[in-house]
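Read the structure below first, then the notes.
Right, dumping it as structure tokens:
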């Protein structure tokens with residue numbers, strides 16, 4: 532399926548395994564985003580809380596991946612310096628502020644949903 536993995540930084544960064552990990556991460560993001568849409572439509576605060584926890588993981592994943600892929604751009608004689616990998620690094624750079632923004636928005640949304648649930652409980656009494 533793929534060539535053997537060497538124990539050097541260059542072979543790890545240029546191997547296809549990190550790309551499969553990124554693909555799996557993106558598929559999980561699609562699933563989580565679909566769950567968030569359902570949570571927003573049904574006022575489900577548990578799904579929003581799960582999405583908030585996932586956003587913390589996503590922020591850490593983006594930072595770690597950026598730290599892994601960024602240094603080869605500045606080191607001489609690296610195979611990673613091509614347009615596709617530079618575009619991938621740009622995507623991770625832009626994801627970090629978006630993840631921070633998403634965390635703040637989801638916190639506010641979760642607080643609002645908790646308030647809505649309290650008001651509904653009070654109205655039912």
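Numbering (this note's numbering), first residue to last: 532 to 656. A virtual CB, placed ideally from N, CA and C, is assigned to each residue, including glycine.
Straight-line gap, residue i to residue j (C-alpha atoms, nearest Å)
{"i": "residue 506", "j": "residue 652", "result": "Outside the modelled stretch of the chain, which goes from 532 to 656, sits residue 506, for which no answer is possible."}
{"i": "residue 563", "j": "residue 535", "result": "32 Å"}
{"i": "residue 576", "j": "residue 656", "result": "21 Å"}
{"i": "residue 517", "j": "residue 600", "result": "Since the first residue shown for the chain is 532 and the last is 656, residue 517 is missing from the structure and cannot be characterised."}
{"i": "residue 612", "j": "residue 558", "result": "26 Å"}
{"i": "residue 629", "j": "residue 649", "result": "30 Å"}
{"i": "residue 588", "j": "residue 633", "result": "12 Å"}
{"i": "residue 638", "j": "residue 586", "result": "11 Å"}
{"i": "residue 622", "j": "residue 607", "result": "23 Å"}
Residue nearest to residue i in terms of C-alpha spacing, selected from the options
{"i": "residue 568", "options": "555, 582, 616, 558", "result": "582"}
{"i": "residue 593", "options": "647, 605, 549, 648", "result": "549"}
{"i": "residue 566", "options": "556, 555, 579, 633", "result": "579"}
{"i": "residue 572", "options": "602, 644, 650, 544", "result": "644"}
{"i": "residue 544", "options": "586, 591, 598", "result": "598"}
{"i": "residue 556", "options": "574, 640, 590, 537", "result": "590"}
{"i": "residue 595", "options": "538, 624, 640", "result": "624"}
{"i": "residue 646", "options": "602, 603, 627, 574", "result": "574"}
Endpoints, alpha helix (DSSP H) assigned at residue i
{"i": "residue 638", "result": "614–655"}
{"i": "residue 604", "result": "602–605"}
In chain order, each beta strand (DSSP E) run of at least 3 residues that lies wholly inside the stretch 557–598: Correct list: empty.
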